[in-house]
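Taking our numbering, the leading residue of the sequence shown gets 4, the next gets one more, and so forth. We put the beta carbon where it would ideally sit given N, CA and C, even for glycine. Being a predicted model, the structure only gives us computed values, none of them experimental.
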Amino acid sequence: MIMHYFSRIFCLLSFCWLLASCGTDLPPTVVAEFDGLPARVDFNQHIRPILSDRCWNCHGPDAGSRKAGLRLDTEVGAFALLESGKQAIVPNRPRASEAIVRMISDDPERVMPIPESNIRVTPREIALLYRWIEQGAEWKDHWAFLPITAPAAVPNNPSAYPAANEIDHFLNARLYEEGIVANERAEPERLLRRLYLDLTGLPPSPERLDAWLDQPTDENYALIVDELLASDAHAERLATEWLDLARYADSHGMHTDGYRLSYPYRDWVLQALRENMPFDQFVREQLAGDLLPEPSQDQLVASAFNRMHPMTAEGGVIDEEMR
4 MIMHYFSRIF
14 CLLSFCWLLA
24 SCGTDLPPTV
34 VAEFDGLPAR
44 VDFNQHIRPI
54 LSDRCWNCHG
64 PDAGSRKAGL
74 RLDTEVGAFA
84 LLESGKQAIV
94 PNRPRASEAI
104 VRMISDDPER
114 VMPIPESNIR
124 VTPREIALLY
134 RWIEQGAEWK
144 DHWAFLPITA
154 PAAVPNNPSA
164 YPAANEIDHF
174 LNARLYEEGI
184 VANERAEPER
194 LLRRLYLDLT
204 GLPPSPERLD
214 AWLDQPTDEN
224 YALIVDELLA
234 SDAHAERLAT
244 EWLDLARYAD
254 SHGMHTDGYR
264 LSYPYRDWVL
274 QALRENMPFD
284 QFVREQLAGD
294 LLPEPSQDQL
304 VASAFNRMHP
314 MTAEGGVIDE
324 EMR
C-alpha cells in the first residue's frame, strides 16, 4: 500500500511538472510545436537568428532605437534586470521570462514585437525560445569565434532516409528535424552535371558525360571527384568567390578609374588554392604577409589583399576621408 501511495504521488508530481514545463497558458499553436523541436536547442543555430530578425530592431546594438533599456544582442543585456524588476530571460524558467510572457500576450499594449512593427514571431520560434530557456538558456559567442569540435557521436539515421555513409546520417538527421523528406539519388546525367557545376562552375563536356554514363559506379564517381578537386578549374571556382570578397580589381574603382597592376595577387590566390594551402596560413599571409619575419616575395604579394579596396589619386583628396 505504501509503495502504491508513493507511486500515485510520483505520477501526480510528474504531471504537474509536465504542465509547468509546457505551460497550460501557452497558445495551443505553440504547444503543438514542441514535439517537432530538436532534442537540444542551440543558441547559435536556433535562437540567435530569431533574436536578430525579430528583436534587435528595438532591442539590439543601436542605442538610438533601443527601447525599454533592453538589449538582446549581448549576454549581459539579455539576462540583465530590467527597470521593472523583471528579466527578459530567466534561465530554466520560461514562464518567468518577460520575453516569453510578452510574445504570447493577447494585449496589444504588451505583446512583443509591437503590432506596428509588422514583425511576427511564429509559434515554432516561440516554442524554440521556450525550450531553450527551459534547458538553461546557454548563451554562446558567434559561431565564427568558437573552436571547431568533433560531434560526440554519429546520430542515428532516420528510418526511410537513404544513407551511404556517416555523413549522410548528419544530413538526414537535420532534414528530419526540419521536416524535409530526402530526395532519391539523382539520375546519372543530373548527378555528374551537379558535381561539375559545384566544383568547377562549368558543365561536363559531352565526351566526359558519355564516358560516365558507360560506367556510373560509386568507384568511378569518387575518381571523378578527386580529379576535379585537383584541377585548375576547381581552384578558379573557389578563387572567384574569394576575389569577390577581397574586392579584387585591376582598376582603382573611383574617379577616372585608373589602371592598377593587381593580377599578381590574383595569381597568388589561385596558386594557394591549387596547393590546398591551410586556411589559417591563407588568411595570415594576406592580412600580414609583409609583417612576417623575412617575408618571401609571395608573402609580400599576398598582402596586396589590404590594397584591393577602391582608391583615388586625384588632386585635392583629403587623406582622412579616404583612409
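Inset, instruction - State the DSSP-derived secondary structure class of serine 120, mapped to helix, strand or coil. - result: Your numbering for residue 120 matches position 117 in the sequence shown. The answer is helix: DSSP assigns serine 120 an H, G or I state.
Legend entry - Runs of alpha helix (DSSP H) lying entirely within the stretch 65–90, each at least 4 residues, in chain order: You should have 78–81.
Inset, instruction - Please report the Cβ distance between serine 265 and alanine 252, rounded to the nearest whole angstrom; I am assuming they are in contact, meaning their Cβ atoms lie under 8 Å. - result: Residue 265 sits at position 262 when you count from the first residue of the sequence shown. Residue 252 sits at position 249 when you count from the first residue of the sequence shown. That pair is a contact at about 7 Å.
Inset, instruction - Could you check which residue in Glu180, Leu149, Pro154 has the C-alpha nearest to that of proline 161? - result: One-based indexing of the sequence shown puts residue 161 at position 158. Distances from the CA of proline 161 to each of Glu180, Leu149, Pro154 were compared; the closest alpha carbon is that of Glu180.
Legend entry - Range of the contiguous alpha helix (DSSP H) that encloses glutamate 36: In the sequence shown, the residue the question calls residue 36 occupies position 33. Here glutamate 36 belongs to no alpha helix (DSSP H), and DSSP marks it neither H nor E.
Legend entry - Same chain, Cβ closer than 7 Å to valine 157, five either side skipped, listed in chain order: Taking the sequence shown and counting its residues from 1, one reaches residue 157 at position 154. Only Glu169, His172 meet the Cβ criterion.
Legend entry - Option in Glu288, Met311, Arg310 with minimal Cα separation from glutamine 300: Position 297 of the sequence shown holds residue 300. Here the closest residue by C-alpha is Glu288.
Legend entry - Inter-residue CB distance, leucine 85 and glycine 72 (contact presumed, cutoff 8 Å): To locate residue 85, count along the sequence shown from 1; it is residue 82. To locate residue 72, count along the sequence shown from 1; it is residue 69. Between leucine 85 and glycine 72 the beta-carbon gap is near 7 Å, inside 8 Å, which marks them as a contact.
Inset, instruction - Go ahead and pull the three-state DSSP assignment for tyrosine 262. - result: Looking up residue 262 in the sequence shown gives position 259. Tyrosine 262: strand per DSSP, three-state reduction.
Legend entry - Through-space distance from arginine 69 to glutamate 137, alpha-carbon basis: Residue numbering aside, residue 137 sits at position 134 when the sequence shown is read from its first letter. Residue numbering aside, residue 69 sits at position 66 when the sequence shown is read from its first letter. So the alpha carbons of these two residues sit roughly 26 Å apart.
Inset, instruction - Check whether the Cβ atoms of cysteine 58 and isoleucine 117 lie closer than 9 Å to each other. - result: To locate residue 58, count along the sequence shown from 1; it is residue 55. To locate residue 117, count along the sequence shown from 1; it is residue 114. Not in contact: cysteine 58 and isoleucine 117 (Cβ atoms no closer than 9 Å).
Inset, instruction - May I ask you to report which of helix, strand or coil DSSP gives serine 254? - result: On the sequence shown, position 251 is the one that residue 254 refers to. DSSP, reduced to helix, strand and coil, places serine 254 within a strand of the structure shown.
Inset, instruction - Pull up the CB-CB distance for glutamate 239 and leucine 290, whole angstroms please, since I reckon it's below 8 Å. - result: For the purposes of this step, residue 239 is taken as the residue at position 236 of the sequence shown. For the purposes of this step, residue 290 is taken as the residue at position 287 of the sequence shown. Actually they do not touch by this definition, with Cβ atoms about 23 Å apart.
Inset, instruction - Write down the C-beta distance between glycine 39 and glycine 139 rounded to the nearest angstrom, noting that I regard them as a contact closer than 8 Å. - result: Residue numbering aside, residue 39 sits at position 36 when the sequence shown is read from its first letter. Residue numbering aside, residue 139 sits at position 136 when the sequence shown is read from its first letter. With a contact defined as Cβ atoms closer than 8 Å, glycine 39 and glycine 139 miss out at about 21 Å.
Inset, instruction - Using only alpha-carbon positions, find the residue among Arg277, His255, Leu194 that is nearest to aspartate 235. - result: Position 232 of the sequence shown, counting from 1, holds the residue named residue 235. In terms of CA proximity to aspartate 235, Arg277 leads the group Arg277, His255, Leu194.
Inset, instruction - Please state whether DSSP places glycine 319 in a helix, a strand or coil. - result: For this step, residue 319 is matched to residue 316 along the sequence shown. Three-state result, glycine 319: coil.
Inset, instruction - Provide the residue span of the alpha helix (DSSP H) that contains proline 209, from first to last. - result: Working through the sequence shown from its first residue, we reach residue 209 at position 206. Here the alpha helix (DSSP H) through proline 209 covers 209–217.
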